[in-house]
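To convert, take the position in the sequence shown, counting from 1, and add 93; that gives my numbering.
Every residue, glycine too, gets a C-beta built ideally from N, C-alpha and C.
The structure under discussion appears below in the form of structure tokens.
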Amino acid sequence: MGIFADIEKRDHEQVVFCSDKESGLRAIISIHDTTLGPSLGGCRMWNYASEEEALRDVLRLSRGMTYKASIAGLNLGGGKSVIIGNSKTDKNEMLFRSFGRFVEGLGGRYITAEDVGTSVKDMEWVRTETKYVTGIAQAHGGSGDPSPVTGLGVFTGVKACANRVYGPDSLAGKKVSVQGLGHVGQNLVERLVNDGAKVYVTDIEEEKVSAVVNEFGVEAVSTDEIYGLDVDIFSPCALGAIINDETIPQLKCDIVAGGANNQLEDESKHGHVLKENGILYAPDYAINAGGLINVYNELEGYNRERALRQAEGIYDILMDIFDRAEDEDIPTHYASNRVAEDRINNIGRIKNIYVGHQTGVNPDNRR
Ligand code: NAD
Numbered sequence: 094m095g096i097f098a099d100i101e102k103r104d105h106e107q108v109v110f111c112s113d114k115e116s117g118l119r120a121i122i123s124i125h126d127t128t129l130g131p132s133l134g135g136c137r138m139w140n141y142a143s144e145e146e147a148l149r150d151v152l153r154l155s156r157g158m159t160y161k162a163s164i165a166g167l168n169l170g171g172g173k174s175v176i177i178g179n180s181k182t183d184k185n186e187m188l189f190r191s192f193g194r195f196v197e198g199l200g201g202r203y204i205t206a207e208d209v210g211t212s213v214k215d216m217e218w219v220r221t222e223t224k225y226v227t228g229i230a231q232a233h234g235g236s237g238d239p240s241p242v243t244g245l246g247v248f249t250g251v252k253a254c255a256n257r258v259y260g261p262d263s264l265a266g267k268k269v270s271v272q273g274l275g276h277v278g279q280n281l282v283e284r285l286v287n288d289g290a291k292v293y294v295t296d297i298e299e300e301k302v303s304a305v306v307n308e309f310g311v312e313a314v315s316t317d318e319i320y321g322l323d324v325d326i327f328s329p330c331a332l333g334a335i336i337n338d339e340t341i342p343q344l345k346c347d348i349v350a351g352g353a354n355n356q357l358e359d360e361s362k363h364g365h366v367l368k369e370n371g372i373l374y375a376p377d378y379a380i381n382a383g384g385l386i387n388v389y390n391e392l393e394g395y396n397r398e399r400a401l402r403q404a405e406g407i408y409d410i411l412m413d414i415f416d417r418a419e420d421e422d423i424p425t426h427y428a429s430n431r432v433a434e435d436r437i438n439n440i441g442r443i444k445n446i447y448v449g450h451q452t453g454v455n456p457d458n459r460r
């Protein structure tokens, strides 16, 4: 498929190929949709096997950001960028500053941030060349680690799911399994325990498991056992694609609600299978939007309290999604897409109202 056909297929607005021989930069910036506001999304550094793979990835990821921003009620569009290279060996100041200059050249149509393969430190270099970067360290007036805000959003989302399935929000006495004890998983475990849940945990890193077991008195299980546990709620907070043909038959839970990205291995299939099996699925990009909410707040002058309160709004966002799924008898991730698309279409329509300072005919230019 040609590049334009690829871009048009999923309604991307603009794709920028950035090349700088001096620094060795080869990057692609993809702006999917700016109806709601400037596009925002992280900069991923990855040793792609081919240019086609890099393009496919950035197109897919930028589109995902449009949906995430929309469902979270933010005035942001969807964007993403990829730098082709090895994040362990190819990083330097020149590379990231040259990337920053390309971002600056887009005049605010795209705002970047750290992502897989890039760090807050790399973004400091980017910031030397452009103000269109977010997710900066707290020491530099930024919002710092977004995980506590993501963790609160996921916890709030788990409670929304519990309300839907069992009635009360409270997780007291509920059995919850958490896969992955990284930044988000640990935060979530603490909140679950404080709410009275019986929590089971797993991680590939033994030290993380023993630390969490010691601190919160939760029960450790093996990485294979986690899927088939007899629990009420399964919360994936590690990897993507863990809801698949192999794991679904093992699930005994009523709810899948966790922070990991891209949980459904095949969106067109596995969301339906969860629904058929009577399992309520909290769409990943809605329940884990706390991180995006956090960096959005940085753009407006950061206030952690405000970011945390906004992340609690994920409760109502999920309720709207579940209502829509029930009304239309569709899987929840499709309902989520429809709610996100409706907001974009509706806001797009009001933007047709002339407010007096658009380009085009301008009466002030008359001589
Ligand atoms: P992290 O890297 O801190 O933690 C991930 C944890 O998962 C690690 O402890 C790792 O050892 C563990 N893990 C990896 N493979 C595993 C396996 N097979 N079984 C069990 N555990 C395994 O990452 P994080 O920041 O906590 O993010 C977790 C997930 O949430 C990721 O999918 C991430 O993309 C998503 N997410 C994070 C944020 C955020 O604010 N940090 C925001 C949105 C989405």
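Fill in: is_contact[Tyr320, chain C] using C-beta, thresh 7 angstroms
Structure shown: chain C not included; a single protein chain is present.
Worksheet item: For the ligand NAD, any of its heavy atoms closer than 6 angstroms to the Cβ of Gly210?
Response: Here residue 210 refers to the residue found at position 117 when the sequence shown is read from its first residue. No, Cβ of Gly210 sits at least 6 angstroms from all heavy atoms of the ligand NAD.
Discussion item. Measuring only from the beta carbon, is Val277 closer than 6 angstroms to any heavy atom that is part of the ligand NAD?
Written reply: Here residue 277 is taken as the residue at index 184 of the sequence shown, counted from 1. Yes, Cβ of Val277 sits closer than 6 angstroms to a heavy atom of the ligand NAD.
Worksheet item: Over what stretch of residues does the beta strand (DSSP E) that includes Arg119 continue unbroken?
Response: The residue given as residue 119 occupies position 26 in the sequence shown. Looking at the DSSP string, the run of the beta strand (DSSP E) that includes Arg119 is 118 to 126.
Fill in: Whole-angstrom C-beta distance between Ile122 and Ser174, which should lie under 8 angstroms
Within the sequence shown, residue 174 is the residue found at index 81, counting from 1. Within the sequence shown, residue 122 is the residue found at index 29, counting from 1. Contact holds; Cβ gap of about 4 angstroms.
Worksheet item: If you compare alpha carbons, which of Tyr160, Val306, Ala142, Tyr389 is closest to Gly278?
Response: Along the sequence shown, one-based indexing puts residue 278 at 185. Checking every option, the nearest Cα to that of Gly278 belongs to Val306.
Worksheet entry | Check: Cys346 C-beta below 6 angstroms from any heavy atom of the ligand NAD | Taking the sequence shown and counting its residues from 1, one reaches residue 346 at position 253. Checking every heavy atom of the ligand NAD against the Cβ of Cys346, none is found closer than 6 angstroms.
Practice prompt. Give the straight-line distance between the Cα atoms of Ser263 and Thr128, rounded to the nearest whole angstrom.
Written response: Translated into positions along the sequence shown, residue 263 becomes position 170. Translated into positions along the sequence shown, residue 128 becomes position 35. Approximately 38 angstroms between the Cα atoms of the pair.
Worksheet item: Rounded to a whole number of angstroms, what is the C-alpha to C-alpha distance between Phe189 and Pro329?
Response: Counted from its first residue, the sequence shown places residue 189 at position 96. Counted from its first residue, the sequence shown places residue 329 at position 236. Roughly 33 angstroms between the two C-alpha positions.
Fill in: Three-state secondary structure (DSSP) of Ser361
The count along the sequence shown starts at 1 and reaches residue 361 at position 268. DSSP places Ser361 in helix when its eight states are reduced to three.
Worksheet item: For Ala418, does the three-state DSSP call read helix, strand or coil?
Response: Translated into positions along the sequence shown, residue 418 becomes position 325. Residue state, collapsed to three classes: helix.
Worksheet item: By DSSP, does Arg137 sit in helix, in strand, or in coil?
Response: Numbered from 1 along the sequence shown, position 44 holds the residue referred to as residue 137. It is a strand residue.
Practice prompt. Would you grab the beta carbon distance between Thr211 and Cys136 for me? Rounded to a whole angstrom, and I think it's under 8 angstroms.
Written response: Along the sequence shown, one-based indexing puts residue 211 at 118. Along the sequence shown, one-based indexing puts residue 136 at 43. 5 angstroms between Cβ atoms; contact.
Discussion item. Just to confirm my understanding: we take Ile319, look at its own chain, exclude 5 residues before and 5 after, and list those with CB closer than 6 angstroms. What are they?
Written reply: For the purposes of this step, residue 319 is taken as the residue at position 226 of the sequence shown. The answer, listed in chain order, is Ser270, Gln272, Thr295.
Discussion item. Across the stretch 372 to 379 and the stretch 408 to 417, are there enough close Cβ pairs to call them in contact, namely three or more that are closer than 8 angstroms?
Written reply: yes
Practice prompt. Using only alpha-carbon positions, find the residue among Ile341, Leu332, Asn185, His365 that is nearest to Gly321.
Written response: The count along the sequence shown starts at 1 and reaches residue 321 at position 228. If we check each option's Cα against that of Gly321, Ile341 comes out closest.
Worksheet item: Of the residues Phe110, Glu421, Gly130, Glu115, which one's Cα is nearest the Cα of Ile440?
Response: Counting from one through the sequence shown, the residue named residue 440 turns up at place 347. When only C-alpha atoms are compared, the closest one is Gly130.
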